[in-house]
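In our numbering, each residue's number is its place in the sequence shown (first place is 1) plus 105.
A virtual CB, placed ideally from N, CA and C, is assigned to each residue, including glycine.
A quick note: this is a predicted structure, and the numbers were derived from the prediction, not measured.
Data first, discussion second: the structure below is written as structure tokens.
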Amino acid sequence: MKLSSLIFGTIFAVVVIAAVLWILGFSFHAPASGQGAALYNPADEVTASGVVQEIQDYDCPVSEFELSRHLMLKTADGSIEVHLAPNRILHGQKLSFSPGDQVQVVGSKVRLAGKNGIIARELTRHNETIIFRDHQGKLLLVQ
């Protein structure tokens, strides 16, 4: 009887420890390696204004292959993809965007996966300006 209680207690302790480690693994993220910032070139900064046509979420090299938010922006010169930030950060900051939003974006031109885009450093919508990155492209927003 005592042996079965000891085995049950050990198994229970292992399960609890595994659950705690699993939860912590999903709650904390390792610091970014800087790949996103390395793609940002201050010499290629542009300003684009337009209307948000579509919102896309996918794993992106700009955000260290983390699930990230992208805006398809219709400008006077055509459509361009705007790379914002990881979704976890946008959700944590309670930042949301909708099709039809009129925005102005300042950021670095980039070409990824055969598509022209802008890595957003700042975005202005109505009277609100959101600063995503510093002038070197390092993400400033935190979760």
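Supposed contact pair residue 179 and residue 215 - C-beta distance, whole angstroms, cut 8 Å: The count along the sequence shown starts at 1 and reaches residue 215 at position 110. The count along the sequence shown starts at 1 and reaches residue 179 at position 74. Contact doesn't hold; Cβ gap of about 18 Å is too wide.
Span of the beta strand (DSSP E) around residue 183: In the sequence shown, the residue the question calls residue 183 occupies position 78. Secondary structure note for residue 183: its beta strand (DSSP E) is the uninterrupted segment 183-191.
Straight-line gap, residue 133 to residue 193 (C-alpha atoms, nearest Å): One-based indexing of the sequence shown puts residue 133 at position 28. One-based indexing of the sequence shown puts residue 193 at position 88. With a pLDDT of only 46 at residue 133, under the threshold of 50, the placement of this residue in the model should not be trusted; the figure read from the coordinates follows. Roughly 11 Å separates the two Cα atoms.
Local Cβ density within 10 Å of residue 233, reported as buried at 16 or more and exposed below that: For the purposes of this step, residue 233 is taken as residue 128 along the sequence shown, with counting starting at 1. That one is exposed.
Start and end residues, beta strand (DSSP E) containing residue 221: To locate residue 221, count along the sequence shown from 1; it is residue 116. It spans 220-230 - the beta strand (DSSP E) in which residue 221 sits, taken as one unbroken run.
Residue 230 vs residue 208 beta-carbon contact at 8 Å: Translated into the one-based positions of the sequence shown, residue 230 becomes position 125. Translated into the one-based positions of the sequence shown, residue 208 becomes position 103. Yes, Cβ-Cβ distance for residue 230 and residue 208 is below 8 Å.
CB contact check: residue 159 to chain D, cutoff 8 Å: This model lacks chain D altogether; it includes just one protein chain.
Sequence-distant residues of its chain with Cβ nearer than 7 Å to residue 170 (five each side left out): Here residue 170 corresponds to residue number 65 of the sequence shown, with the count starting at 1. Cβ within range, chain order: 164.
For residue 167, the three-state DSSP class (helix, strand or coil): The residue you call residue 167 lines up with position 62 of the sequence shown. Helix at residue 167.
Three-state class that DSSP yields for residue 149 in the structure shown: Here residue 149 is taken as the residue at index 44 of the sequence shown, counted from 1. Three-state DSSP puts residue 149 in a helix.
Inter-residue spacing [alpha-carbon to alpha-carbon] between residue 227 and residue 161: As a working note, residue 227 is residue 122 in the sequence shown. As a working note, residue 161 is residue 56 in the sequence shown. If I take the Cα positions, the gap works out to 18 Å.
When 222, 186, 199 and 219 are compared against residue 158, the one with the closest alpha-carbon: Numbered from its first residue, the sequence shown carries residue 158 at position 53. Among 222, 186, 199 and 219, the Cα nearest to that of residue 158 belongs to 186.
When 168, 197, 196 and 153 are compared against residue 143, the one with the closest alpha-carbon: One-based indexing of the sequence shown puts residue 143 at position 38. Measuring from the Cα of residue 143, the nearest candidate turns out to be 168.
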